[in-house]
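**Student:** Here's a structure for you.
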Amino acid sequence: MKVVVLTGAGISAESGVPTFRDAGGLWEGHRVEDVATPEAFARDSDTVQRFYDARRHAVALAEPNPAHDALAGLERALGDDLLVVTQNIDGLHERAGSQRVLHMHGELSVARCTACGARSPVPGDLIDRPACPACGERMLRPDVVWFGEMPYGLDEIEQALASCDVFAAIGTSGAVYPAAGFVVTAAEHGARTIELNLAASEITPLFDEVRHGPASIVVPDWCDELR
Ligand code: APR
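Add 2 to the 1-based position in the sequence shown for my numbering, that's all there is to it.
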């Protein structure tokens, strides 16, 4: 049985990582839309760097919750038949033990050099302009996909959606495409679809089954059933 799981900010909410669209969705006093764009970075790179440095510090204090743990356990049972596609840039899936995670919006822990394109683990706060380990230039940016930029791994995701038997969306509002359309692609190829979310989302009507509740409760229950 092939399973694709899409996760959003809601799976990390109980780990203390604020979501984007609950409670005003403000991050360090900024709207994500105002700082997570190439234009914002060109206009005021220091503000953008400080925004992501602050998120990196906040996420470092967070711990995986039972939902992340349950997906890591499901991977131990299903192996390569499970693919977790996350919109989240926190590393909580990996810290819970998941190894097959596709970060379609990038990762806070990775820096990308705007001079040579090399990716490297973030060496420290990017506001301090650390040097790129590959070319030495001091032009690193967060390797995070901003609004208007192309998400990572879309070909691999489309292939997985076209061949999966089960598609689950966990903790996502369905407010941002292309992720919000994954359920349609999976269903068109015959997958059974389920939404595990705290409340109804914009895409709830598109799922075969919907379970509302906190991820730390509904996700472990679902993973146990699947195994
Ligand atoms: N358990 C399960 N779901 C939860 C919980 C919880 N404890 N808390 C909140 N949720 C749900 C909310 O009901 C909401 O539907 O998680 C969803 C969070 O939605 P968003 O804040 O919009 O986060 P997400 O869907 O990941 O946003 C998608 O938008 O801002 C961009 O790039 C950013 O990746 C992000 C994308």
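For glycine and all other residues, C-beta sits at the position ideal for the given N, C-alpha and C.
Bear in mind that the values here come from a model prediction, so they are computed numbers and not experimental data.
Cβ of Val251 within 9 Å of Cβ of Leu200?
**Tutor:** The requested residue 251 is not part of the displayed model; the chain covers only 3 to 229.
**Student:** Distance, Cα to Cα, Tyr179 vs Tyr154?
**Tutor:** So the alpha carbons of these two residues sit roughly 13 Å apart.
**Student:** Determine the closest residue to Asp24 out of Glu35, Arg140, His32, Gly12, with distance taken between C-alpha atoms.
**Tutor:** Gly12
**Student:** Determine, using beta carbons only, whether Ala69 and Ala177 come nearer to each other than 9 Å.
**Tutor:** no
**Student:** By the DSSP assignment, the alpha helix (DSSP H) with Val221 in it spans what residues?
**Tutor:** 217-228
**Student:** Using only the heavy atoms of ligand 1, determine whether one of them is closer than 8 Å to the beta carbon of Leu198.
**Tutor:** yes
**Student:** Leaving out five residues on either side along the sequence, give the residues of the same chain with a beta carbon under 7 Å from the beta carbon of Leu94.
**Tutor:** Ser14, Ser17, Ala64, Pro66, His70
**Student:** Counting pairs of beta carbons, one from the segment 180-188 and one from the segment 141-149, are three or more of them closer than 8 Å?
**Tutor:** no
**Student:** How would you call Ser165, buried or exposed, if buried means at least 16 neighbouring beta carbons within 10 angstroms?
**Tutor:** exposed
**Student:** Going by DSSP, what residues sit across from Gly108 in a beta bridge?
**Tutor:** Val146
**Student:** Note the first and the last residue of the continuous alpha helix (DSSP H) segment covering Ala171.
**Tutor:** Counting along the chain, Ala171 falls outside any alpha helix (DSSP H), though it belongs to the beta strand (DSSP E) covering 168-172.
**Student:** Which residues in the same chain as Val5 place their Cβ atom closer than 8 Å to its Cβ, once the five residues preceding and following it in sequence are excluded?
**Tutor:** Leu76, Leu80, Asp83, Leu84, Leu85, Cys166, Asp167, Val168, Phe169, Ala170, Leu228
**Student:** State the DSSP-derived secondary structure class of Ser175, mapped to helix, strand or coil.
**Tutor:** In the structure shown, Ser175 sits in coil (DSSP, three-state: anything other than H, G, I, E or B).
**Student:** By the 10 Å Cβ neighbour count, where 16 or more other Cβ atoms means buried, how is Gln101 classified, buried or exposed?
**Tutor:** exposed
**Student:** Between Val61 and Leu110, which are expected to be in contact by the criterion C-beta below 8 Å, what is the C-beta distance as a whole number of angstroms?
**Tutor:** 6 Å
**Student:** Helix or strand or just coil, what does DSSP make of Val19?
**Tutor:** coil
**Student:** Given 8 Å as the limit, is there contact between the segment 113-123 and the segment 134-143, that is, 3 or more CB pairs closer than that?
**Tutor:** yes
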